[in-house]
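Just below is one structure, and these are the notes that go with it.
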Amino acid sequence: MDNKTKTIVPICALGGSIATPKNGITAEVIEVQSIKELETLGIAKIKGKIVFYNRPMEPENIETFVSYGRCGDQRRSGAREAAKYGAVATIVRSLNLRQDDFPHTGAQSYGDLPKEQYIPTAAISTNAAELLSKKLKENSKLKFYMKLSCQAFDDVLSYNVIGEIKGSEHPEKIMTVGGHLDSWDLADGSHDDGAGVVQSMAVVECFKKLNYKPKNTIRVVLFMNEENGGRGGKKYEDVSRRNDENHIFALESDAGGFSPRGFSFECDEANFQKVNSWKYLFEPYFIHNFVEGGTGSDIEPLTSNKIVKAGLKPDSQRYFDYHHAANDTFDAVNKRELELGAATMASLEYLFDQYGID
């Protein structure tokens with residue numbers, strides 16, 4: 001805002017942010033494109049101001065998660081780093097490839113910063129980020145007002161939800177399939193990760209409808225607390241180790257309920273060659289994009305003597321339109337695409353159940 005006009009723009013607090021003072025914060029804004037740029041500006045230019053991180057997601061990457069990863073540091077660590085230079089708050093351009101009016105939240109961390117140095121931090125919608133950047137070019141002394149009422153509550157007991165079909169030949173060998181139950185409170189998290197939860201349950205539903213009796217134990221795990229520290233996945237691994245369980249395969253869906261395109265795998269070369277030998281089965285359905293890479297944060301902690309991990313790879317072009325935003329609601333999910341993803345997961349689960357791991 002300036003002395004003549006006031007413009008309201010949509011923002012939302014980032015995860016773990018402290019609240020502003022009761023009457024909010026009003027301060028001049030300094031726009032930056034990266035955390036590294038703070039070093040160049042220094043305390044003299046940053047102290048007492050709101051740092052505005054305005055680096056957009058790179059639109060040229062077909063793999064949109066690459067774009068997400070490359071600009072995520074300003075959301076995760078922007079407040080912590082700006083506070084070291086005396087900033088009073090930060091606002092971060094939403095991690096979204098579309099121009100719209102939905103601010104997208106997500107986790108951020110103050111790290112080892114002393115609590116008395118914490119500053120409020122919020123996401124601003126892409127449309128609002130463009131407008132603010134334009135207005136700052138017209139008036140570098142422009143002031144921004146923000147008011148956040150965040151609260152941090154004590155932890156409460158919550159649970160992973162687990163169901164399984166015991167293996168008919170090797171009940172001691174476990175194959176998990178799962179997604180996570182929690183979501184950011186702006187919406188109901190239908191793509192992140194209601195879709196993965198439904199698809200994981202649908203895998204065993206497919207087997208039951210086909211009267212297929214798996215050789216190995218198929219376990220559906222609906223993980224708690226993925227968004228805020230991944231403690232559901234860590235606890236599952238802890239209990240698994242204490243029970244001396246043997247997991248041979250783990251599959252996760254946490255990339256939205258869009259049309260499936262394939263899987264990412266974490267495994268040794270022999271098992272990657274094995275899955276590539278199955279590629280021709282998936283190719284007629286355009287779901288044969290098999291790559292090595294990260295598979296999912298919930299199954300990441302899981303260890304066994306030998307295990308293959310896989311993550312469903314849906315088409316990601318629209319995922320960040322909804323990710324961590326108020327429009328991630330049930331009506332944004334296409335039933336047919338969701339079912340295609342579930343069938344793709346069931347197919348891979350079946351092949352590993354039939355042929356095991358090398």
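Residue numbering for the sequence shown is 1 to 358, as defined by my numbering. Think of the CB as a built atom: it goes at the ideal place given N, C-alpha and C, for glycine as much as any other residue.
- Taking a contact to require three or more Cβ pairs closer than 8 Å, the region 251-268 and the region 277-289 qualify as touching.
- Under a 10 Å Cβ-count criterion, G196 is classified as buried, with 16 or more other Cβ atoms of the shown protein chains found around its own Cβ.
- Unbroken beta strand (DSSP E) stretches of 3 residues or longer found wholly inside the region 58-105: 89-93, given in chain order.
- Contact annotation: L186 and S200 have beta-carbon atoms that are not nearer than 8 Å.
- Beta-bridge partners of I11 (DSSP): I124.
- Restricting attention to N225, E60, N211 and I91, the CA atom closest to the CA of I299 is found in N225.
- In this structure, A87 places its C-beta atom within 8 Å of the C-beta atom of K49.
- Residue pairing by DSSP places K143 opposite E28 in a beta bridge.
- For the pair F352 and M57, the CB atoms are not nearer than the 8 Å cut-off.
- Within the region 274-340, the complete alpha helix (DSSP H) segments of 4 residues or longer fall at 279-282 and 319-322, listed in chain order.
- Shown here for K36: not one same chain residue has a beta carbon closer than 6 Å to its own, the five before and five after excluded.
- The DSSP assignment places 195-209 as complete runs of the alpha helix (DSSP H) inside the region 171-218, in order along the chain (cut-off: 4 residues).
- Between the alpha carbons of R80 and Q117 lies a distance of about 9 Å.
- I307 and H247 have their C-alpha atoms spaced approximately 6 Å apart.
- The shortest C-alpha to C-alpha distance from D268 to any of I46, N96, R242 and D358 is the one to D358.
- For E39, the enclosing alpha helix (DSSP H) stretches over residues K36 to I46.
- E283 sits away from F265, with the two beta carbons spaced by 8 Å or more.
- Across the set I30, G24 and R231, the C-alpha of I30 shows the shortest separation from the C-alpha of A129.
- Residue state for F258 is assigned as coil, using DSSP reduced to three classes.
- Distances from the alpha-carbon of P10 to those of T126, S17, T20 and K208 put T126 closest.
- Cβ contact annotation for E245 (same chain, cutoff 7 Å, sequence separation greater than five): I174, in chain order.
- Ranked by Cα distance from E39, the options Q108, E169 and G78 are led by G78.
- Residue pairing for Y53: DSSP places it in a beta bridge opposite V32 and V92.
- The three-state reading of DSSP puts N228 in coil, since its state is none of H, G, I, E or B.
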